[in-house]
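K.L.:
This is the structure I want to talk about, given as structure tokens.
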Amino acid sequence: MIYLDHLLKATQGNLRQLSKHVHFQAFSHDTRQLSPHEMFVAVRGERGNGHDYVLDAVRKGATGLLLSGQTFQQLSEQTKSVLANEEITIVLVEDTRQALQHYARAILEIWHPTVIAVTGSVGKTSTKEAIATVLSRQFTTFRSWQNYNDMLGIPLSLGRLEARHEYAVLELGCDHPGEIAALSRMVRPQIGVLTNISPVQLQYFSSLEHLAFELGTLLTSLPEGGHFFYNQEDPIIRALLEQRVHQVSSTVTCHPFLPDAKGNAHEQPRITVGWDGIQGTINLPASSEHESSENDQATLQLRSHLLGEHNFATMLAAYQIGLSRGIYPSLVEQALTTLQPLPGRLNPLPGIRQSMLLDDTHNAAPASVKAGLQTLSALAGEQSQRIAILGDMLHLGDAATEAHRAIGQEVSQYADYLITRGEWATLIAEEAQLAGMDSERIIMTSTHEDAAQAARRILANLPDSDKRAVILIKGSEETRMERVTELLMARPWEASELLVRQTPGWKKTIFRHAERPTWVEIDLNAIGSNTRHIASLVGPQTQVLVALKADAYGHGALKVARTVLQNGASMLGVATVSEALPLREAHITAPILVFGYVPRWQMREALRLGISVTIYSKEEAQALSQAAQALNKTVKVHVKVDTGMGRLGIRFEEVPAIMELVREAKQLPGLELEGLYTHFAQADAEDQSHVRLQLARFQEVLQQLEAEGLRPPIVHAANSAGTLTLPEAYFDMVRPGIAIYGLDPSPYVRLPEGFRPALAFKTQVSQVKWIPAGEGISYGSTYITERPTRIAVLPVGYADGFRRSPQNWGSVLIHGQEAPLLGRVCMDQCMIDVTHIPQARMGDEVVLIGRQGEATLTAEEIASRLGTINYEVVSELLARIPRVD
Ligand SMILES: *Cc1c(COP(=O)(O)O)cnc(C)c1O
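First residue of the sequence shown? That's 1 in the UniProt record's numbering, and the numbers climb one at a time after it.
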């Protein structure tokens with residue numbers, strides 16, 4: 001509860017408008033999660049500005065507004081007059097984030113609960129919950145909300161603090177240097193709890209030592225008479241204590257989670273893990289007060305429904321704190337038995353096909369992934385199959401490669417099957433294979449759907465004799481692995497209650513920070529679904545090769561390759577040997593055909609990579625054969641026939657030469673004849689006569705080969721347009737490209753219902769300003785303003801593939817409306833007119849290709865403005881633009 005007078009006093013705020021509302025249930029900074037009677041706080045974020053949502057907040061029932069004075073001035077007159085007529089209290093401050101911090105500090109002083117601050121690399125939220133659960137047995141206890149743990153989140157949660165609270169258990173995050181110190185200054189804890197120190201968020205700390213130093217700040221910031229609880233099993237924490245003990249006020253008492261009066265080494269706790277939770281037993285050292293004998297040695301036994309051995313430390317922490325606050329041991333033990341796993345934290349859920357899911361998708365770091373794997377293995381027992389679905393571990397800085405590989409080395413001990421999702425996680429797969437895990441049991445995927453599908457396939461193929469499978473699902477927060485869990489739940493409709501990140505705010509957050517404010521978003525699910533459409537169109541008799549040239553038409557070849565192979569494609573096509581290299585390096589083992597010229601000096605490379613080569617002359621065939629013999633390998637070849645494209649290939653008229661080449665390909669040592677193909681020049685035309693002519697010519701050649709018994713196993717001809725319009729051209733395989741990306745082959749051959757584009761091209765406004773009439777915009781001042789003009793500068797230019805001439809994009813989308821380009825496009829920047837879009841601000845998202853609100857700007861539309869085809873528009877988006885998915 002927030003009282004207006006407390007707020008005004010704490011923030012030195014200016015009461016802009018008073019209504020009958022003088023207290024508020026809580027703070028909210030996100031109108032998607034706002035409940036009636038709350039105070040909406042407009043926070044300027046990295047993306048978007050809370051001030052734009054003021055009216056939305058009022059509509060959702062906010063009774064108070066905390067705004068910055070400056071931006072209040074910028075609200076439109078209309079908005080201001082709406083506000084003036086509402087029963088709503090408005091407080092203006094200079095800076096809303098700072099005001100919240102002042103409030104947090106003040107309210108903790110006013111109600112003065114005993115503040116317990118919990119920090120550490122992992123397990124903070126569980127530990128906070130466990131402590132609060134124990135304390136609640138005897139005291140009114142406040143706990144910070146979910147994992148709100150930073151300079152914004154903690155004050156927001158403290159809006160719910162009340163006079164009756166005797167304790168406040170708060171989680172302190174540690175994402176960057178100085179954060180713990182700043183948070184400690186704000187909340188001034190009397191009790192500090194340090195769970196563990198491991199490489200998490202290392203990208204913000206140059207080393208583990210720096211991270212340890214930062215976490216140790218909690219200890220040194222404790223006041224006289226403070227208490228510090230720590231996990232003595234953690235060697236880094238022990239070292240830290242030795243180092244810093246002299247800086248600590250002598251009146252601060254340090255308590256290990258496991259009390260040991262003499263500092264003797266303990267027996268290890270005996271921990272058993274079952275589906276109903278863990279039980280840990282430990283012999284306590286006989287306390288010196290009672291003269292003890294062997295028999296009355298005390299044992300401590302704690303139980304809870306939490307899963308995972310590491311949670312015994314969580315329970316011990318809560319146990320010690322409970323005892324130290326004078327709660328009876330039996331009451332503390334009893335409280336612990338009520339602890340249930342939190343969503344996303346080793347939470348057991350029934351899965352499809354009688355499987356059991358271990359949903360651990362809350363976050364991932366090396367230590368917690370290992371703990372998750374151990375729990376998977378312990379719970380599965382002897383009879384069950386153990387499946388680990390692992391996503392990327394992020395924020396590990398330089399340690400990332402090593403960390404993923406280390407998991408890979410161990411995974412085979414704990415799991416029978418490994419499914420990875422994402423590029424970092426492929427390192428886990430790679431290493432698992434090196435460590436001897438059967439490659440048949442390792443599946444690498446790029447999307448949530450494909451990861452879930454891979455698990456479904458494994459489940460479907462398990463022999464009935466096997467007891468149910470257990471599936472661990474884990475990955476860093478940003479990888480959103482809870483979506484995989486949802487797809488595998490026996491009761492998916494319960495997802496919104498049982499999984500992490502189910503709030504509307506999270507559901508809408510799809511943006512992952514790119515390295516640049518200009519980025520390309522690739523919807524790999526669209527690519528997967530388009531591939532399945534093509535596969536079902538051509539039927540099971542016909543293979544699908546997906547054309548991946550030019551970095552998959554600008555979509556990113558690697559992820560596209562993994563996705564199409566999971567969704568019905570069996571072969572990949574590239575333009576050059578060099579395009580095949582990264583695919584092989586990423587352990588893509590599917591057949592790859594090089595469509596283009598392979599010079600002699602690249603033949604050995606082609607052999608090394610095990611890719612199929614296109615040939616159209618005897619000399620090439622012989623050179624390939626020599627290279628193959630030299631390396632003692634075999635190379636598969638496809639003979640290319642030019643039936644009217646006028647590009648690469650042996651002309652269809654030269655039947656004897658074709659026959660000879662095919663014979664050579666069959667007979668030369670080291671060569672294996674795999675295919676015969678042609679390529680259409682006009683499959684996408686309105687008039688089908690040319691493509692039919694090419695098809696007839698190709699069929700003729702094929703007949704002659706068949707008559708001689710020379711037909712190769714894979715005959716193919718159709719590109720996307722041919723696949724959509726000409727079933728006679730399917731033969732053994734089709735070769736779609738553009739259709740897989742969800743783009744129309746041409747204005748005459750459009751994609752049927754159900755295909756969707758996968759690529760969006762976006763940027764962010766870098767500046768907004770007024771330019772008076774009569775001024776020039778951009779190089780050459782080719783555009784002169786006719787009236788005072790409000791322009792937005794965008795950080796995108798022709799060096800990104802955002803074309804300058806002879807025609808440019810014309811307009812882009814901002815706030816779901818078209819905004820025209822002004823003047824020339826520069827190398828890395830351009831300007832648009834936003835005079836008609838007054839809400840446009842710095843940081844706003846701008847769509848260059850894709851959807852925004854109701855508006856769309858398709859690659860086809862841009863192609864027609866530029867006077868080219870959609871193929872060129874997307875494949876010209878340069879590699880310097882980061883791709884996110
Ligand atoms: C690019 C290419 C394709 C795919 O063409 P789309 O029109 O994108 O379907 C097929 N075959 C060859 C030889 C190609 O070069």
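Even for Gly, the Cβ is constructed at its ideal location relative to N, Cα and C.
Since the model is a prediction, treat every value here as computed from it, not as a measurement.
May I have the straight-line CA-CA distance separating Gly381 from Ser368, to the nearest angstrom?
P.N.:
Along the sequence shown, read from residue 1 onward, the residue named residue 381 stands at position 381. Along the sequence shown, read from residue 1 onward, the residue named residue 368 stands at position 368. Approximately 20 Å, taken between the alpha carbons.
K.L.:
Buried or exposed: Tyr871, going by 16 or more other Cβ atoms within 10 Å of its Cβ?
P.N.:
As a first step, residue 871 must be located in the sequence shown, where it is residue number 871. Answer is buried; the Cβ neighbour count reaches 16.
K.L.:
List in chain order the residues whose CB is within less than 5 Å of at least one heavy atom of ligand 1.
P.N.:
That query returns the following residues: Ala547, Phe595, His679, Asn719, Ser720, Arg735, Pro736, Gly737 and Ile738.
K.L.:
Give me whichever residues DSSP pairs with Val544 in a beta bridge.
P.N.:
Locating residue 544 in the sequence shown gives position 544, counting from the first residue. Paired residues: Val734.
K.L.:
Does the Cβ of Leu434 have 16 or more other Cβ atoms within 10 Å, making it buried, or fewer, making it exposed?
P.N.:
What you label residue 434 is simply residue 434 of the sequence shown in a count that begins at 1. Per the 10 Å Cβ criterion, exposed.
K.L.:
On a Cα-Cα basis, can you pick out the residue from Thr127, Thr338 and Ala490 that is closest to Phe229?
P.N.:
Position 229 of the sequence shown holds residue 229. Checking every option, the nearest Cα to that of Phe229 belongs to Thr127.
K.L.:
Report back the beta-carbon spacing between Val564 and Thr531 to the nearest angstrom; my notes put them in contact at under 8 Å.
P.N.:
As a first step, residue 564 must be located in the sequence shown, where it is residue number 564. As a first step, residue 531 must be located in the sequence shown, where it is residue number 531. At roughly 5 Å, the Cβ-Cβ gap stays under 8 Å, so Val564 and Thr531 are in contact.
K.L.:
Can you tell which of Gly216, Phe139, Val538 and Leu161 has the C-alpha that lies nearest to the C-alpha of Gly173?
P.N.:
Within the sequence shown, numbered from 1, the residue matching residue 173 stands at position 173. Nearest C-alpha to Gly173: Gly216.
K.L.:
If distances are taken between C-alpha atoms only, which option among Ser476, Ile419, Thr542 and Ile428 comes closest to Gln453?
P.N.:
As a first step, residue 453 is located in the sequence shown; it is residue number 453 there, counting from the start. Measuring from the Cα of Gln453, the nearest candidate turns out to be Ile419.
K.L.:
Work out the CA separation of Ser805 and Val793 for me, nearest whole Å.
P.N.:
Taking the sequence shown and counting its residues from 1, one reaches residue 793 at position 793. Taking the sequence shown and counting its residues from 1, one reaches residue 805 at position 805. Cα-Cα distance, rounded: 19 Å.
K.L.:
Bridge partners of Val846, per DSSP?
P.N.:
Counting from 1 along the sequence shown, the entry for residue 846 is found at position 846. Answer by DSSP bridge pairing, in chain order: Thr763 and Ile814.
K.L.:
Between which residues of its own chain and Thr314 is the CB-CB distance below 8 Å, once the five residues before and five after are set aside?
P.N.:
What you label residue 314 is simply residue 314 of the sequence shown in a count that begins at 1. Around Thr314: Gly123, Ser126, Thr127, Ala130, Thr195 and Leu306.
K.L.:
Is it right to say Asn567 is buried, meaning 16 or more other beta carbons lie within 10 angstroms of its own, or is it exposed?
P.N.:
Within the sequence shown, the letter at position 567 stands for residue 567. It is buried - the Cβ of Asn567 has at least 16 other Cβ atoms within 10 Å.
K.L.:
Kindly indicate which three-state DSSP category Pro492 falls into: helix, strand or coil?
P.N.:
Your numbering for residue 492 matches position 492 in the sequence shown. The answer is helix: DSSP assigns Pro492 an H, G or I state.
K.L.:
On the criterion of 16 or more Cβ atoms from any shown chain inside 10 Å, does Pro189 qualify as buried, or is it exposed?
P.N.:
Reading the sequence shown from its first residue, position 189 is the one you call residue 189. So Pro189 counts as buried.
K.L.:
Considering Val41, what are the terminal residues of the beta strand (DSSP E) in which it resides?
P.N.:
Here residue 41 refers to the residue found at position 41 of the sequence shown. Met39 to Val41 is the span of the beta strand (DSSP E), which, as asked, contains Val41.
K.L.:
Check whether the Cβ atoms of Arg185 and Glu521 lie closer than 9 Å to each other.
P.N.:
By one-based count along the sequence shown, residue 185 stands at place 185. By one-based count along the sequence shown, residue 521 stands at place 521. Not closer than 9 Å, so no.
K.L.:
Name the residue from Leu877, Arg353 and Gln320 whose alpha carbon lies nearest to the alpha carbon of Tyr798.
P.N.:
The residue given as residue 798 occupies position 798 in the sequence shown. Of Leu877, Arg353 and Gln320, the residue nearest in Cα terms is Leu877.
K.L.:
Would the segment 387-400 count as touching the segment 470-480 if we require 3 or more Cβ pairs under 8 Å?
P.N.:
As far as the Cβ criterion goes, the segment 387-400 touches the segment 470-480, which means the pair count is three or higher.
K.L.:
Considering only the beta carbon of each residue, do Ser446 and Lys559 sit closer than 9 Å?
P.N.:
The residue given as residue 446 occupies position 446 in the sequence shown. The residue given as residue 559 occupies position 559 in the sequence shown. Yes, they are a contact pair.
K.L.:
Flag this pair as yes or no: are the beta carbons of Tyr167 and Ala117 separated by less than 9 Å?
P.N.:
Within the sequence shown, residue 167 is the residue found at index 167, counting from 1. Within the sequence shown, residue 117 is the residue found at index 117, counting from 1. No.
K.L.:
Contact defined as beta carbons within less than 8 Å: I believe Leu676 pairs with Lys666. What is the distance between those atoms, to the nearest angstrom?
P.N.:
By one-based count along the sequence shown, residue 676 stands at place 676. By one-based count along the sequence shown, residue 666 stands at place 666. Not a contact, Cβ separation roughly 11 Å.
K.L.:
Could you tell me which residues DSSP puts in a beta bridge with Glu521?
P.N.:
Position 521 of the sequence shown, counted from the start, is the residue given in the question as residue 521. DSSP, once it has assigned bridges, lists Ala760 and Val884 as partnering Glu521.
K.L.:
Is it true that the segment 807-824 meets the segment 853-865, where meeting means three or more beta-carbon pairs spaced less than 8 Å apart?
P.N.:
Contact between the segment 807-824 and the segment 853-865 is present, because at least three Cβ pairs lie under 8 Å.
K.L.:
Could you give the first and the last residue of the continuous alpha helix (DSSP H) run that contains Thr725?
P.N.:
The residue labelled residue 725 in the question sits at position 725 within the sequence shown. Residues Ser720 to Thr725.
K.L.:
Report the option in Asn85, Tyr417 and Ala425 whose CA atom is closest to the CA atom of Gly436.
P.N.:
Along the sequence shown, read from residue 1 onward, the residue named residue 436 stands at position 436. With distances taken between Cα atoms, Gly436 lies closest to Tyr417.
K.L.:
In terms of alpha-carbon separation, which member of Ala561, Tyr616, Asp684 and Arg651 lies closest to Gly528?
P.N.:
Against the sequence shown, residue 528 aligns to sequence position 528. That would be Ala561, whose Cα lies nearest to the Cα of Gly528.
K.L.:
So what's His716 in DSSP terms, helix, strand or just coil?
P.N.:
Here residue 716 is taken as the residue at index 716 of the sequence shown, counted from 1. Correct three-state label for His716: strand.
K.L.:
If you reduce the DSSP assignment to three classes, tell me which class Val355 lands in.
P.N.:
To locate residue 355, count along the sequence shown from 1; it is residue 355. According to the sequence as given, residue 355 is Ser; it is not Val. Coil at Ser355, not helix or strand.
K.L.:
For Gly737, count the other beta carbons within 10 Å of its own beta carbon; 16 or more makes it buried, fewer makes it exposed. Which is it?
P.N.:
Position 737 of the sequence shown, counted from the start, is the residue given in the question as residue 737. Answer is buried; the Cβ neighbour count reaches 16.
K.L.:
Only counting the same chain, and skipping five residues up and downstream in sequence, which positions put a Cβ closer than 7 Å to that of Leu412?
P.N.:
As a first step, residue 412 is located in the sequence shown; it is residue number 412 there, counting from the start. Note on identity: in this sequence residue 412 is Ser, with Leu being the wrong assignment. Excluding residues within five positions, the ones whose Cβ falls inside 7 Å are Ala432, Ala435, Gly436 and Met437.
K.L.:
The alpha helix (DSSP H) with Ala739 in it runs from where to where?
P.N.:
Within the sequence shown, residue 739 is the residue found at index 739, counting from 1. First-last for Ala739: undefined, no H or E at that position.
K.L.:
Check this for me: beta carbons of Ala42 and Leu8, under 9 Å apart or not?
P.N.:
Residue numbering aside, residue 42 sits at position 42 when the sequence shown is read from its first letter. Residue numbering aside, residue 8 sits at position 8 when the sequence shown is read from its first letter. Their beta carbons are not under 9 Å apart, which means Ala42 does not touch Leu8 by this criterion.
K.L.:
Please classify Ile110 as buried or exposed, where buried requires at least 16 neighbouring CB atoms within 10 angstroms.
P.N.:
Residue 110 sits at position 110 when you count from the first residue of the sequence shown. The residue is exposed, with fewer than 16 neighbouring Cβ atoms inside 10 Å.
K.L.:
Within 10 angstroms of the Cβ of Gln541, are there 16 or more other Cβ atoms? Answer buried if so, exposed if not.
P.N.:
For the purposes of this step, residue 541 is taken as the residue at position 541 of the sequence shown. Counting Cβ neighbours within 10 Å, Gln541 comes out exposed, since fewer than 16 surround it.
K.L.:
Could you check what DSSP says for Leu15 in three-state terms: helix, strand or coil?
P.N.:
Reading the sequence shown from its first residue, position 15 is the one you call residue 15. DSSP places Leu15 in strand when its eight states are reduced to three.
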